[in-house]
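Remarks on the structure that follows.
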């Protein structure tokens, strides 16, 4: 039998493929159970999904799940609290080993989360307080998000100004950000909140814009809008631009996306600064914390992802036009070394 170049090439490819397979098997074998074998199933049960932040969060969850080789099921309640609780039961019925609860209301998710724990399923919660010591809380350090944005507002505008404030009570991250807003008003008595408004009705930005129009008409002396969620900030910006007040009002927010960056970079944009974590990184951390629980490790009860202040000036000076630029030019934004034991695969590794 003659050995041709083609046969040699096929043999080489076969050996290379086998080597890669063995390498992958070895990598899996280096991980603790149950990640040393395929077949781990987890679920993401969502309350909020509208907006760039939540799309990026989902992409991070998917990337880390893929890096771990787990089977991810995504259940989206689209802001239906009762349906979200039912979806936890659906995830239990699917036989998942772990559940990430993403946002929601304490009163509707507390019992649902406990049912999952009682079924022997590991659970983590992102931005919803399920009041359970067995369930780690993934947080963006919401108080620090608000603190960074408000410190910049004071730096830009001094210690005396009239403010509009966008807030919806009962949502854990907004409640934590509100605590900081209350503290800042106490510290700086010259800050006067003349209007509070807000809604989570879809589409959120347009619904907030409708409210903001009325607020601006009733309070033309507002100089600062604190909108600590980027969909809120988008809505306020729509109303401010329509009223021609973009040079007289400054908007401070939390969270970031490529469309937010574009809005902040517009000439004479009222959107002055935001404080944010990378939502994709937060998604990755959520999966990693759950994976640690499944592996018998303790990620801690409060798993906190540190935020970054992002100003309009910085975006322009560093020519940051999208989330990729932001991660490249602000390295602290690209990866959080949180819930990252040595065995954990990093989906951001080149």
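Numbering (mature numbering (1 follows the signal peptide of the UniProt record, and there is no 0)), first residue to last: -28 to -1, 1 to 322. Glycine is no exception: its CB is placed at the ideal position from the N, C-alpha and C atoms. Model, not experiment: these values are computed from the prediction.
(1) DSSP three-state label for residue 97, please.
(2) Tell me, please, which residues DSSP counts as bridged to residue 199.
(3) I'd like the ranges of any beta strand (DSSP E) spanning at least 3 consecutive residues and lying wholly in the stretch 56 to 122.
(4) With H, G and I counted as helix, E and B as strand and the rest as coil, what does DSSP make of residue 22?
(5) Taking its Cβ as the centre, do 16 or more other Cβ atoms sit within 10 Å of residue 50, making it buried, or is it exposed?
(6) So the beta strand (DSSP E) residue 270 belongs to, where does it begin and stop?
(7) Could you work out which residue in 202, 235, 166 is closest to residue 192 when comparing CA atoms only?
(8) Alpha carbon to alpha carbon, what distance is there between residue 73 and residue 45?
(9) For the candidate residues 109, 101, 108, 63, whose alpha-carbon lies nearest to that of residue 87?
(10) List, from N- to C-terminal side, the beta strand (DSSP E) runs of 3 residues or more that fit wholly inside the stretch 232 to 264.
(11) Could you tell me which residues DSSP puts in a beta bridge with residue 208?
(12) Looking at C-alpha atoms only, which residue of 70, 3, 65, 54 is the closest neighbour of residue 259?
(13) Rounded to whole angstroms, what's the CA-CA distance from residue 299 to residue 78? Just pull it up for me.
(14) Do residue 138 and residue 204 come within 8 Å of each other at the CB atom, strictly closer than that value?
(15) Look at the alpha carbon of residue 174 and the alpha carbon of residue 317, and state the distance between them as a whole number of angstroms.
(16) Are the CB atoms of residue 55 and residue 16 within a distance shorter than 8 Å?
(17) If you reduce the DSSP assignment to three classes, tell me which class residue 193 lands in.
(18) Assuming residue 342 and residue 212 form a contact by the criterion Cβ under 8 Å, report the distance between their Cβ atoms to the nearest whole angstrom.
(19) Would you decide whether residue 38 is buried or exposed? Buried here means 16 or more other CB atoms lie within 10 Å of its CB.
(20) State the DSSP-derived secondary structure class of residue 139, mapped to helix, strand or coil.
(21) Could you check the C-alpha separation between residue 136 and residue 217 for me, to the nearest Å?
(22) Let me know if residue 2 comes out buried or exposed under the rule of 16 or more other beta-carbons within 10 Å of its beta-carbon.
Let me lay it out:
(1) For the purposes of this step, residue 97 is taken as residue 125 along the chain shown, with counting starting at 1. DSSP places residue 97 in strand when its eight states are reduced to three.
(2) Counted from its first residue, the chain shown places residue 199 at position 227. Answer is 225, bridged to residue 199.
(3) Whole beta strand (DSSP E) segments, 3+ residues: 70 to 74, 94 to 98, 109 to 111.
(4) By 1-based counting over the chain shown, the position of residue 22 is 50. DSSP places residue 22 in coil when its eight states are reduced to three.
(5) Taking the first residue of the chain shown as position 1, residue 50 is located at position 78. The Cβ neighbour count for residue 50, taken over all protein chains shown within 10 Å, is under 16; the residue is labelled exposed.
(6) By 1-based counting over the chain shown, the position of residue 270 is 298. Where residue 270 is concerned, there is no enclosing beta strand (DSSP E), given that its DSSP letter is neither H nor E.
(7) Translated into the one-based positions of the chain shown, residue 192 becomes position 220. Nearest C-alpha to residue 192: 166.
(8) On the chain shown, residue 45 is found 73 positions in, with the first residue counted as 1. On the chain shown, residue 73 is found 101 positions in, with the first residue counted as 1. Straight-line Cα distance between these residues: approximately 12 Å.
(9) Working through the chain shown from its first residue, we reach residue 87 at position 115. The closest CA to that of residue 87, considering only 109, 101, 108, 63, is found on 63.
(10) Segments of the beta strand (DSSP E) lying fully in the stretch 232 to 264: 243 to 248.
(11) Residue 208 sits at position 236 when you count from the first residue of the chain shown. DSSP lists no partner for residue 208.
(12) Here the question's residue 259 lines up with position 287 in the chain shown. The shortest C-alpha separation from residue 259 is found at 70.
(13) Taking the first residue of the chain shown as 1, we reach residue 299 at position 327. Taking the first residue of the chain shown as 1, we reach residue 78 at position 106. Here the C-alpha atom of residue 299 lies approximately 33 Å from the C-alpha atom of residue 78.
(14) Walking along the chain shown from the start, residue 204 turns up at place 232. Walking along the chain shown from the start, residue 138 turns up at place 166. Yes, these two residues count as a Cβ contact at 8 Å.
(15) On the chain shown, position 202 is the one that residue 174 refers to. On the chain shown, position 345 is the one that residue 317 refers to. Approximately 36 Å, taken between the alpha carbons.
(16) Mapped onto the chain shown, residue 16 falls at position 44. Mapped onto the chain shown, residue 55 falls at position 83. It is not a contact, given that the beta carbons lie outside the stated cut-off.
(17) Working through the chain shown from its first residue, we reach residue 193 at position 221. Coil at residue 193, not helix or strand.
(18) For residue 342 there is no data in the structure shown, the boundaries of the chain being -28 and 322.
(19) The residue labelled residue 38 in the question sits at position 66 within the chain shown. Its Cβ having fewer than 16 others within 10 Å, residue 38 is exposed.
(20) The residue given as residue 139 occupies position 167 in the chain shown. Correct three-state label for residue 139: coil.
(21) Counted from its first residue, the chain shown places residue 136 at position 164. Counted from its first residue, the chain shown places residue 217 at position 245. The alpha-carbon separation between residue 136 and residue 217 amounts to approximately 14 Å.
(22) Numbered from 1 along the chain shown, position 30 holds the residue referred to as residue 2. Taking a 10 Å sphere around the C-beta of residue 2, we find fewer than 16 other C-beta atoms and assign the residue as exposed.
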